[in-house]
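First up is the structure itself, then whatever we jot down about it.
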Amino acid sequence: MYKALCKNPLYRELYASMADATKDSLWIKAVRFQSGGDDARTSQIVNCFTVGPILSHSEDSRATRVYRVILEEDADTENPTIYALKDAWRKASRRPEILNLKVQLP
Numbered sequence: 013m014y015k016a017l018c019k020n021p022l023y024r025e026l027y028a029s030m031a032d033a034t035k036d037s038l039w040i041k042a043v044r045f046q047s048g049g050d051d052a053r054t055s056q057i058v059n060c061f062t063v064g065p066i067l068s069h070s071e072d073s074r075a076t077r078v079y080r081v082i083l084e085e086d087a088d089t090e091n092p093t094i095y096a097l098k099d100a101w102r103k104a105s106r107r108p109e110i111l112n113l114k115v116q117l118p
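Numbers given in this note's numbering equal positions in the sequence shown, counted from 1, plus 12.
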């Protein structure tokens, strides 16, 4: 994964060594949703490799964490996309966050 990260000039400079880039790394399974026509969505389970430290961490409410990740399937591409992956643990009494996002989107 470090080789994949080094294909991007910004991250190659930001993480000069594999130890810097991977000392806090995790493998995380996530679901990627893709929109189709007529409001159709498909989902796919992907393996994500976190790069560097957590970007954001909240200990209250939903305990949200945000990571910088590379998808395992993108590691061999010429310039793999670096994504932000957000996870959150919500109380059963709270609305799912996707419902809040749907309210805000046209």
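All residues carry an ideal CB built from backbone N, CA and C; glycine is no exception. None of these values were measured; they are calculated from a predicted model.
L38 sits exposed, since fewer than 16 C-beta atoms from the chains shown fall within 10 Å of its C-beta. Three or more beta-carbon pairs separated by less than 8 Å are not found between the region 39–52 and the region 16–26, which leaves the two stretches without contact.
Between the C-alpha atoms of C60 and V78 there is a straight-line separation of about 13 Å. Beta-bridge partners of V63 (DSSP): none assigned. Among the bridge pairs identified by DSSP, W101 is matched with none. Taken through DSSP and simplified to helix, strand or coil, L38 comes out as coil.
In the DSSP assignment, the residues bridged to A96 are R80.
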